[in-house]
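Comments concern the structure below.
See the structure below:
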């Protein structure tokens, strides 16, 4: 299936831990994104990568570090997790400025 | 700065009634607007975009530059339309395309 996939689907962890979320797209897109959807369902962009280069960084704490090993992958590493990081994180991809295709989301719960 | 406003957090209608989900935007350039839909615990998916001027699942949206609006309409609501709807604006930021989402409107269609 051609799509945007994320792992894991659910992530429950303790405060202070470091965790990673992986994203892969096989749509051949050149741009990938990370979004955060909070408990009120607000959806906000965090990062955008185009051809492995960071192009958008929306005042996200530097505990969050995206890494793009290649065009098809954009991983999100989070250090020293805090309670406020609990949210659903969505990865997305697009070809240039066209329609964005979203992954299924990763529900992160920080205890 | 680009901004999207969805004034209604929740909209409840009866099956068969008309639906209008409001969206207003603020953007200095030429906007590209979208409606995304998120069914319960599923990924976001594109519903429609203003440049295609299509009707998808009976929904339409017309860009009104004078009123800076892009309201989503459907003449007769169906139960399966119950979902979270996000209006989004795509604009160029720092060499990349940034999708700014509104806060979303939860549509509930009751029997």
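Chains as they are written, first to last, in this note's numbering: chain A, 5 to 115; chain B, 34 to 144. We put the CB at the ideal spot given by N, CA and C, even for glycine. Since this is a predicted model, take the numbers as computed values, not measurements.
The shortest CA-to-CA distance from residue 109 (chain A) to any of A:103, A:73, A:72 and A:80 is the one to A:80. Taking every protein chain shown into account, the CB of residue 114 (chain B) has 16 or more other CB atoms within 10 angstroms, so this residue is buried.
For residue 73 (chain A), the uninterrupted beta strand (DSSP E) run begins and ends at 68-74, by DSSP. Inside the segment 74-113 of chain B, DSSP marks whole beta strand (DSSP E) runs of 3 or more residues at positions 78-82 and 105-107, from first to last along the chain. Between residue 92 (chain B) and residue 47 (chain A), the gap from beta carbon to beta carbon reaches 8 angstroms or more.
Those residues of the segment 57-86 of chain B placed with their C-beta closer than 9 angstroms to a C-beta in chain A are 65, 67, 69, 71, 74, 75, 76, 77, 78, 79 and 82, ordered along the chain.
Against residue 99 (chain B), chain A offers no close residue; the least beta-carbon distance is about 24 angstroms (beta-carbon pairs closer than 7 angstroms).
Remark: fewer than three beta-carbon pairs, one from each stretch, lie closer than 8 angstroms, so the segment 48-59 of chain B and the segment 74-94 of chain A are not flagged as touching.
Flagged as an interface residue toward chain B: residue 47 (chain A), by a C-beta distance shorter than 8 angstroms. Chain B has a Cβ within less than 8 angstroms of the Cβ of residue 104 (chain A). For residue 12 (chain A), there are no neighbours in chain B by C-beta distance under 7 angstroms, as the nearest C-beta there is about 15 angstroms away.
Setting aside the 5 residues that flank it on each side, residue 72 (chain A) is surrounded in the same chain by 53, 56 and 78, each with a C-beta closer than 6 angstroms to its C-beta; the list follows chain order.
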